[in-house]
């Protein structure tokens, strides 16, 4: 995808007004139905605010913390949707924006509520780079039962730890968690082949899937056909080894799988990552 400076200042949704932040996120006829669908923000309609900054300040002064949080998440989803439309990617229906923002906010709060537990110190497990001349392909799956979907995450790095390619895809919810992991393993091998990386170590944190792929016998499990296809795909590589890694050593692939819930279909990054995963990437290099 080529990036370019957009020369037309008109809003891409309504094609009638100059697009600034308050228009794109609040005033545009294309986004008004989103805000009007939730009565929590009806008190804002009577306010004459000229900038989005003024709107945010008014929210902070007059709304509850839960309203501010939902407002921020809806605005983020609207902006993400706007950016996808500009590059002709699939987007969520306007009617689904508030539900999507609410789901993301719930997920964020759930993570914050995880209890702190005292644990016995153990050896820190981290991602390790492959030997020189090889590429490491990490994969993982994530399940979002409340949205009836799952996510696949793949990242390919060289011996210096630099990203060669990354992949995140949202799929319909399969029949089991291990099926999700098997699909992620297959997608990892396919992605490596698609970008012509043929000397690889494929790592995942599902011991069940790694054992199945390394077993030369045909798999008779419900996901056996996925395993068999993955094994067949690997024969076209000059070097392809499947290795189990602890979850702590698979953080970036896991983050990409979790990020798939934000996607309308799939996202690919070449020699790059989404900025929100920079901390995970840098942790692996530290």
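Numbering (the working numbering), first residue to last: 203 to 488.
Backbone N, C-alpha and C define an ideal beta-carbon position, used for all residues, glycine too.
Being a predicted model, the structure only gives us computed values, none of them experimental.
Going by DSSP, what residues sit across from residue i in a beta bridge?
i           : result
residue 373 : 352
residue 227 : Paired residues: none, contrary to the question.
Closest by CA to residue i, which one among the options?
i           : options               : result
residue 368 : 392, 348 and 375      : 392
residue 491 : 297, 371 and 407      : Because the chain here runs from 203 to 488, residue 491 falls outside it and cannot be looked at.
residue 225 : 257, 417, 241 and 287 : 257
residue 479 : 461, 405, 488 and 236 : 461
residue 359 : 302, 408, 310 and 455 : 455
For residue i, does the three-state DSSP call read helix, strand or coil?
i           : result
residue 344 : strand
residue 422 : coil
residue 368 : strand
residue 415 : helix
residue 433 : helix
residue 397 : coil
residue 427 : helix
residue 255 : helix
residue 309 : helix
residue 234 : helix
residue 486 : helix
residue 204 : Per-residue confidence for residue 204 stands at a pLDDT of 45, beneath the threshold of 50, marking its modelled position as unreliable; the derived number appears in the next sentence. If DSSP states are grouped into helix, strand and coil, residue 204 belongs with coil.
residue 326 : coil
Please go through the same chain and pick out, in chain order, the residues whose beta-carbon is closer than 8 Å to the beta-carbon of residue i, but skip the five residues on each side of it.
i           : result
residue 377 : 424
residue 485 : 328 and 453
Could you name the residues of the same chain whose beta carbon sits closer than 6 Å to that of residue i, not counting the 5 residues immediately before and after it, in chain order?
i           : result
residue 411 : 383, 384 and 387
residue 409 : 446
With a threshold of 7 Å on Cβ separation, who are the neighbours of residue i within its own chain once the five nearest residues in sequence on each side are excluded?
i           : result
residue 206 : At residue 206 the pLDDT is 48, less than 50, meaning the model places this residue with poor confidence and gives no usable figure here.
residue 243 : 237 and 273
Pairs of beta-carbons, one from the region 278-292 and one from the region 436-443, closer than 8 Å: are there three or more? no
Do the region 285-296 and the region 440-448 make contact, defined as three or more Cβ pairs closer than 8 Å? no
Counting beta carbon pairs with one atom in the region 343-361 and one in the region 412-432, are three or more of them shorter than 8 Å? no
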